[in-house]
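In my numbering, the protein residues as written are 3 to 483. Idealized CB from N, CA, C, for every residue including glycine. The structure displayed is predicted, hence computed values, not measured ones.
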Ligand code: SF4
Ligand code: FE
């Protein structure tokens, strides 16, 4: 059976990579205190797939090999698969309270599966076979794959081929019988360092004359010519302090990488698009659609934990029975479940592509993500409201644990009978972390910009909304010819 254990996963990513953080090369990144929580998060995915209770959600049967595989490597074969995907993402959000990083490659694989098929139908190419072979390896070895889309984009008023630096969008700079050489950078790369492989995609719909930018391929994340720079996150150096409570979520975390491709060679059998400009926009849209569906699961799971933290801190403060506190908790649940409803709805109305795989409903997936750009902010605002000002005035863990001043802090942080001040400290720090610390990247900024900034969903909503049909509805009721 191809499922890796968490320990096997950890061993498998211990490889040399060209990684920088704080201006210095990082060796053995898996031991770095800032990086470790992000690896723990991915290990949780591998762990849950081993547990009988979660197998239904965490695993699937490969239609390519018949083997039991991790669902993150599955190509959806039914509407039920689409729904289980969102349920699995909610579960993982609940278990880790952060971005678990493995969905990007999952969504890329599902988008490329149908796009490569359709390219072959039109051009007689063999991208689909290549992609399937590549993906069978991913399934059989239970590999984590990143999906890389966002270019640095230079001057945004200009097209890729009008930039003063043509590398502002990743492009092909050389080609021979064996493959291609590419140059450029991909930013906001969730989990790139923790992934074995990455699949690179164009960032926008490519036009005639820009063929060198219509490129998609698979690459090992430590291939020659790839340099990684670890993204800073708010309060990240708290992970390097001696205690752990000030971190908030001290077990798990996300990871964002700035990835530079400096003349990277890609062998032919790993190329999945090369110059087919008409399909570049489709690949972007399908990937984005799948990832917008994903947010109706992952952010909901994280929201569940934040709502739990808000309810718990209310209990610790002795305010949980107050009607306005209960009402705020109800509002948080209502917002969170609305997001989940969108994730489930776009999955339930999924459809089958010509290639045989299933895809979510595009309009509802975009509505889902548009709501995700808003509701977590309101849920976070309410959590801050319930937690009180202490989430940003609390003394440090060192003071809290100091022999001299600690007992006094504990005395004044004590609330209800039987509630330890240390538990209250932990929950307050967790809420701080999720709403304004490192984890706010996973819960807030990703909700805003991940899978595309709000305007990108509005563009898709306007394309999918059939206003003429709606005008016909009113005309029919009012007898207007
Ligand atoms: Fe998965 Fe959500 Fe992270 Fe995207 S933001 S990789 S959907 S957990
Ligand atoms: Fe994301």
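Since residue 171 and residue 186 are thought to touch, with beta carbons under 8 Å apart, how far apart are those beta carbons, to the nearest angstrom?
Indexing the chain shown from 1 puts residue 171 at position 169. Indexing the chain shown from 1 puts residue 186 at position 184. Yes, they are in contact, since the Cβ atoms of residue 171 and residue 186 sit about 6 Å apart, within 8 Å.
Say the cut is 7 Å; is the CB of residue 101 nearer than that to a heavy atom of ligand 2?
Here the question's residue 101 lines up with position 99 in the chain shown. Under cutoff, so the answer is yes.
Does the Cβ-Cβ distance between residue 209 and residue 161 come in under 8 Å?
Reading the chain shown from its first residue, position 207 is the one you call residue 209. Reading the chain shown from its first residue, position 159 is the one you call residue 161. It is a contact, given that the beta carbons lie within the stated cut-off.
Taking residue 255 as the reference, which of 193, 315, 293 and 214 has the closest Cα?
The residue labelled residue 255 in the question sits at position 253 within the chain shown. Restricting attention to 193, 315, 293 and 214, the CA atom closest to the CA of residue 255 is found in 193.
Return the bridge partner residues of residue 191 from the DSSP annotation.
Walking along the chain shown from the start, residue 191 turns up at place 189. In the DSSP output, where bridge partners are listed per residue, residue 191 has 259.
My understanding is that residue 349 touches residue 362, with C-beta atoms under 8 Å, so please give their C-beta distance in whole angstroms.
Translated into positions along the chain shown, residue 349 becomes position 347. Translated into positions along the chain shown, residue 362 becomes position 360. With 8 Å as the limit, residue 349 and residue 362 qualify as a contact, their Cβ atoms being about 5 Å apart.
Output needed for residue 78: all residues of its chain with C-beta closer than 8 Å, excluding positions within five of it in sequence on either side, in chain order.
Locating residue 78 in the chain shown gives position 76, where the first residue counts as 1. Only 84, 87, 112, 352, 359, 360 and 361 meet the Cβ criterion.
Given this structure, state the Cα-to-Cα distance separating residue 42 from residue 129, to the nearest angstrom.
If you number the chain shown from 1, residue 42 lands on position 40. If you number the chain shown from 1, residue 129 lands on position 127. Looking at the two C-alpha atoms, the distance is approximately 35 Å.
Three Cβ pairs or more, each shorter than 8 Å: is that satisfied between the stretch 205 to 219 and the stretch 277 to 292?
yes
Does ligand 1 have a heavy atom nearer than 7 Å to the CB of residue 293?
Translated into positions along the chain shown, residue 293 becomes position 291. Yes, Cβ of residue 293 sits closer than 7 Å to a heavy atom of ligand 1.
Got a sec: does ligand 2 put a non-hydrogen atom nearer than 7 Å to the Cβ of residue 453?
Counting from 1 along the chain shown, the entry for residue 453 is found at position 451. Between ligand 2 and the CB of residue 453, the shortest heavy atom gap is smaller than 7 Å.
In the DSSP output, what is residue 185 paired with across the bridge?
For the purposes of this step, residue 185 is taken as the residue at position 183 of the chain shown. In DSSP, residue 185 forms a bridge with 173.
Using 10 angstroms around the beta-carbon of residue 474, count the other beta-carbons present and answer buried if the total reaches 16, otherwise exposed.
By one-based count along the chain shown, residue 474 stands at place 472. When all chains shown are included, residue 474 counts as exposed.
Give a single yes or no on whether residue 379 has its beta carbon closer than 7 Å to a heavy atom of ligand 1.
Within the chain shown, residue 379 is the residue found at index 377, counting from 1. No, the Cβ of residue 379 stays beyond 7 Å of every heavy atom of ligand 1.
Is the stretch 98 to 118 in contact with the stretch 290 to 297, if contact means three or more CB pairs nearer than 8 Å?
yes
Between the Cα of residue 36 and those of 379, 385, 173 and 257, spot the shortest distance and give me the residue it belongs to.
Looking up residue 36 in the chain shown gives position 34. Cα-wise, what sits closest to residue 36 is 257.
Which runs of the beta strand (DSSP E) spanning at least 3 residues fall entirely within the stretch 261 to 345, listed in chain order?
Under the rule that a run must span 3 or more residues, the beta strand (DSSP E) segments found entirely inside the stretch 261 to 345 read 273 to 276.
DSSP puts residue 1 in a beta bridge; with which residues?
Residue 1 lies beyond the range of the chain shown here (3 to 483); nothing can be said about it.
Considering residue 23, what are the terminal residues of the alpha helix (DSSP H) in which it resides?
Working through the chain shown from its first residue, we reach residue 23 at position 21. That residue, residue 23, is in no alpha helix (DSSP H); its beta strand (DSSP E) goes 21 to 23.
Measure the alpha-carbon distance for residue 330 versus residue 340 and round it to whole angstroms.
Reading the chain shown from its first residue, position 328 is the one you call residue 330. Reading the chain shown from its first residue, position 338 is the one you call residue 340. Between residue 330 and residue 340, the C-alpha separation is close to 15 Å.
For residue 39, which residues of its own chain have a beta-carbon under 6 Å away from its beta-carbon, when the five flanking residues on both sides are left out?
Counting from 1 along the chain shown, the entry for residue 39 is found at position 37. Around residue 39: 254 and 255.
List the DSSP bridge partners of residue 353.
One-based indexing of the chain shown puts residue 353 at position 351. Its beta-bridge partners are 361.
Would you report the Cα separation of residue 141 and residue 61, rounded to the nearest angstrom?
If you number the chain shown from 1, residue 141 lands on position 139. If you number the chain shown from 1, residue 61 lands on position 59. Put simply, the backbone Cα of residue 141 is about 11 Å away from that of residue 61.
When burial is assigned at 16 or more other CB atoms within 10 Å of the CB, is residue 164 buried or exposed?
Counted from its first residue, the chain shown places residue 164 at position 162. Label assigned to residue 164: exposed.
Closest to residue 290 by CA distance: which of 207, 8 and 29 is it?
Looking up residue 290 in the chain shown gives position 288. Per the Cα distances, 207.
Less than 7 Å separating the Cβ of residue 143 from some heavy atom of ligand 3?
Among the ligands present in this structure, namely ligand 1 and ligand 2, ligand 3 is not found.
Taking DSSP as the reference, what is the three-state secondary structure of residue 147?
Counting from one through the chain shown, the residue named residue 147 turns up at place 145. Strand, per DSSP.
For residue 376, name the three-state secondary structure that DSSP assigns.
As a first step, residue 376 must be located in the chain shown, where it is residue number 374. Three-state DSSP puts residue 376 in coil, outside helix and strand.
From what residue to what residue does the beta strand (DSSP E) around residue 202 run?
Numbered from its first residue, the chain shown carries residue 202 at position 200. Run containing residue 202: 199 to 202, per the beta strand (DSSP E) assignment.
Taking only the alpha-carbon atoms, compute the straight-line gap between residue 426 and residue 76 and give it to the nearest angstrom.
The residue labelled residue 426 in the question sits at position 424 within the chain shown. The residue labelled residue 76 in the question sits at position 74 within the chain shown. Their Cα atoms are separated by approximately 41 Å.
In or out: residue 395 buried (at least 16 other Cβ within 10 Å) or exposed?
Residue 395 sits at position 393 when you count from the first residue of the chain shown. With fewer than 16 Cβ atoms within 10 Å of its Cβ, residue 395 is classed as exposed.
With three or more C-beta pairs closer than 8 Å as the rule, is the stretch 374 to 389 touching the stretch 427 to 442?
yes
Hey, how far is the Cα of residue 114 from the Cα of residue 203?
Here residue 114 corresponds to residue number 112 of the chain shown, with the count starting at 1. Here residue 203 corresponds to residue number 201 of the chain shown, with the count starting at 1. Going from the Cα of residue 114 to the Cα of residue 203 covers about 9 Å.
Measure the CB-CB distance between residue 302 and residue 99 and report whether it falls below 8 Å.
Here residue 302 corresponds to residue number 300 of the chain shown, with the count starting at 1. Here residue 99 corresponds to residue number 97 of the chain shown, with the count starting at 1. Cβ atoms of residue 302 and residue 99: not closer than 8 Å.
Select from 398, 18, 404 and 276 the residue whose C-alpha is nearest the C-alpha of residue 248.
Start at 1 with the first residue of the chain shown, and residue 248 comes out as number 246. The option with the nearest alpha carbon to residue 248 is 398.
Where does residue 154 fall in DSSP's three states?
Here residue 154 corresponds to residue number 152 of the chain shown, with the count starting at 1. DSSP places residue 154 in coil when its eight states are reduced to three.
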